[in-house]
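Each residue of the sequence shown is one higher than the last, beginning at -7 in our numbering. Where a beta carbon is used, it is the ideal one built from N, C-alpha and C, also for glycine. Data first, discussion second: the structure below is written as structure tokens.
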Amino acid sequence: MTTPAETMSVPGVSSPSATRANRRPRRAGRVSMPRRRRPAKVVARRGLSMTLTYIALLAVAIVAAGPFLWMTITAFKSGQNIYDPSIKISQLTVANFVGVWEFLNIPAYLGNTVVITVGSIVIDVVLASLCAYPLACMRFPGRDVIMVLLIAAMIIPAAAGMVINYLTLSTLHLLNTLVGVILPGSLKVFSIVLLRQAYLGVPRDLIEAARIDGASELLIWRKIMMPSIMPAISTVVIFDFIGRWNEFLWPIIVLQDPAKYPLAAALQYLNGSFNYKFGYIAAGTVISIVPVLIIFIIFQKNYINAVAGAVKA
């Protein structure tokens, strides 16, 4: 039941409901507007636009991933239907994987590939992060000139340095060794530029506070800067992993012993000797791609964030 005080309004005295309403916070500039329902034509047009967008993206994905899907399906086909472009598998078999595994000594080639890839990644991450740190966090004469020279060096094709690299390795007696495959090209200019941009995103107050506390530049680099740019380092790791894992030309130039080939070079060696067994080539290629996919899935989030930040920079 309502009390007379709630039903009757007295001049000069506000009712309890009016008092509660007055106590409610009001947001400045916010005016409540009645909701209007979108016209059916607008909703239908937006739905059609989204549908066409998804169809276009699906078509691009099929075109981009089509060769890999076809190669994967081919690897599971038998020899009778191996050149059939259809994705239908009438007889599923793993004979191609077993055959290429037994013939190529895959574990040995995988071991060579891992040594080359890990060695190159470690050299690139350590040296590129050390080179990028003074370019981003220190002021010294010629810093801008060095950056211009580094960016200009990115347009020089890698093949232009093969002759001088080969002569240098020959002088150092590093031909036909995995070290000779690892050293040239391990430190990439792109990694220096990317990590420098990542360093610029770290607050300067952290660096200045560490310097005031007496920390050395090497300690600041190791304790503050490196943990702060892990997404960019993940991007460098992915680029280096893909580039080195699939490297073909330079190992063939440096290595005379096929037993020291990485997996990508060994697959081409298989192609030259058994080109009629395309199923072996497809199976070997699938085996070589699986580690790349695993690494990309693990670092996918950091990779996308770092690439987006580098593009904005």
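Between the C-alpha atoms of L164 and L241 there is a straight-line separation of about 21 Å.
Nearest to L179 by alpha-carbon distance, out of P59, S112, L159, W237, is S112.
Secondary structure of T45 (DSSP, three-state): helix.
Residue state for S112 is assigned as helix, using DSSP reduced to three classes. Here P31 is exposed: its Cβ has fewer than 16 other Cβ atoms, across all protein chains shown, within 10 Å. With fewer than three CB-CB distances shorter than 8 Å, the segment 166 to 179 does not count as touching the segment 205 to 223.
Taking each of A224, L198, I225, P223 in turn and checking the Cα distance to I212, the smallest one comes out for L198. In the three-state scheme derived from DSSP, where H, G and I count as helix and E and B as strand, M154 is classed as helix.
Excluding the 5 residues flanking it on each side, L192 has same chain C-beta neighbours closer than 6 Å at A128, in chain order. Under the DSSP assignment, I199 falls in the alpha helix (DSSP H) whose first and last residues are 196 to 204. For F182, the three-state secondary structure derived from DSSP is helix. CA-CA distance, I287 to I281, rounds to 10 Å. By a beta-carbon distance limit of 8 Å, V228 does not contact T64. Their separation comes to about 28 Å.
The alpha carbon of V171 has as its nearest neighbour, out of L40, V246, L44, L84, the alpha carbon of V246. Going by C-alpha positions, G276 is about 47 Å away from R135.
When secondary structure is reduced to three states using DSSP, Q189 falls in the helix class.
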